[in-house]
Amino acid sequence: MQSDRELLELAAKAAGLTIVHMPLSGPGILEGPGMGSSWNPLTDDGDALRLACELRIHVGFFRGMVAVQGPKGGQKSVPIRENGAGEPTRRAIVLAAAEIGIQTKEVNDAN
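The numbering of the sequence shown is the numbering used here, which starts it at 33 and goes up by one.
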């Protein structure tokens, strides 16, 4: 099981983002020299949707579950709880993106 930080790092790698960890605001992305913005698709709906779109992650809802699938397969699912589908949907997207990041890392390490 990976920590949230590891999941975010792998998801960022999959999306081609450079991630930094800012002491006060948490994870962020570098947009240019000395510039950055906060980025956390585990907590921000917009970041999660942009990540899903960038990586062509399909999202679906089935029998109390949110299921995601990347462009090369690898389905992940997370149960929907009483407090809504937002958090589980964001987590499922990040899990799928992290899986893509792992595949990217393995290809890069092999070369």
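Built from N, CA and C at the ideal position, the CB exists for glycine as well. Predicted model only: the values in this text are computed from it and were never measured.
Asked                                                                                                                                                                 : Found
Name the DSSP beta bridge partners of Ala-99, please?                                                                                                                 : Gly-92 and Ser-109
Out of Leu-83, Ile-89 and Arg-122, which has the shortest C-alpha to C-alpha gap to Gly-48?                                                                           : Leu-83
Work out the CA separation of Glu-114 and Ala-124 for me, nearest whole Å.                                                                                            : 17 Å
Which partner residues of Gly-116 appear in the DSSP bridge assignment?                                                                                               : Arg-113
What is the C-beta distance between Ala-129 and Leu-87, in whole angstroms, given that I count them as a contact (C-beta under 8 Å)?                                  : 6 Å
Spatial neighbours of Leu-127 within its chain, please: CB distance less than 8 Å, with the 5 preceding and 5 following residues excluded, ordered by chain position. : Leu-39, Val-100, Lys-108 and Val-110
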